[in-house]
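Chemist: Every number in my numbering is 617 more than the matching position in the sequence shown, counting from 1.
Every residue gets a Cβ at the ideal spot worked out from N, C-alpha and C, and that includes glycine.
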Amino acid sequence: DRTVLIDASTAFRVDENWTYGFPELSKDQRAELGTSKRISNPGCYPTGFIGLTRPLVDAGILPEGTSLTVNAISGYSGGGKALMNIF
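Listed below in structure tokens is the structure:
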């Protein structure tokens with residue numbers, strides 16, 4: 618079966634039965650994605666945050682498990698077409 622399901626919602630992003638669709642996450646992630654039948658698509662906020670912090674953790678600059686917060690602001694496009702039509 619060559620069918621691969623890619624979910625763009627938030628429903629399966631932390632489900633252990635799904636592969637997180639971020640090939641840059643770790644050295645083995647791209648290979649895991651290549652064999653996965655269920656891939657959860659990361660959102661724009663996690664992609665930006667993980668893309669910036671993961672290399673720091675891997676390099677030992679930022680200790681694993683460090684509590685971090687991010688202040689992220691979405692423009693009106695984050696509200697979908699209905700909100701965009703208002704503007």
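Within 10 Å of its beta-carbon, does Thr620 have 16 or more other beta-carbons around it, so buried, or fewer, so exposed?
Modeler: Here residue 620 refers to the residue found at position 3 when the sequence shown is read from its first residue. So Thr620 counts as exposed.
Chemist: Under 8 angstroms: do the region 652-664 and the region 627-636 share three or more Cβ pairs, one atom per stretch?
Modeler: yes
Chemist: Report back the beta-carbon spacing between Ile667 and Leu685 to the nearest angstrom; my notes put them in contact at under 8 angstroms.
Modeler: If you number the sequence shown from 1, residue 667 lands on position 50. If you number the sequence shown from 1, residue 685 lands on position 68. 11 angstroms between Cβ atoms; not a contact.
Chemist: Let's test the definition: count the other Cβ atoms within 10 Å of the Cβ of Gly651 and tell me whether it reaches 16, buried, or not, exposed.
Modeler: Here residue 651 is taken as the residue at index 34 of the sequence shown, counted from 1. It is exposed - the Cβ of Gly651 has fewer than 16 other Cβ atoms within 10 Å.
Chemist: Does Pro659 pass the burial test, meaning 16 or more other C-beta atoms within 10 Å, or should it be called exposed?
Modeler: Position 42 of the sequence shown, counted from the first residue, corresponds to residue 659. Pro659 is classed as buried because its beta carbon has at least 16 other beta carbons within 10 Å across all chains shown.
Chemist: Could you tell me which of Phe629, Glu681 and Asp675 sits nearest to Lys644, measuring between CA atoms?
Modeler: Locating residue 644 in the sequence shown gives position 27, where the first residue counts as 1. Checking every option, the nearest Cα to that of Lys644 belongs to Asp675.
Chemist: Can the beta-carbon of Ala689 be found closer than 7 angstroms to that of Tyr662?
Modeler: As a working mapping, residue 689 is identified with position 72 in the sequence shown. As a working mapping, residue 662 is identified with position 45 in the sequence shown. Yes, the Cβ-Cβ distance between Ala689 and Tyr662 is below 7 angstroms.
Chemist: Under 7 angstroms, do Pro640 and Arg647 count as touching if we go by C-beta distance?
Modeler: On the sequence shown, residue 640 is found 23 positions in, with the first residue counted as 1. On the sequence shown, residue 647 is found 30 positions in, with the first residue counted as 1. For Pro640 and Arg647, yes; Cβs fall inside 7 angstroms.
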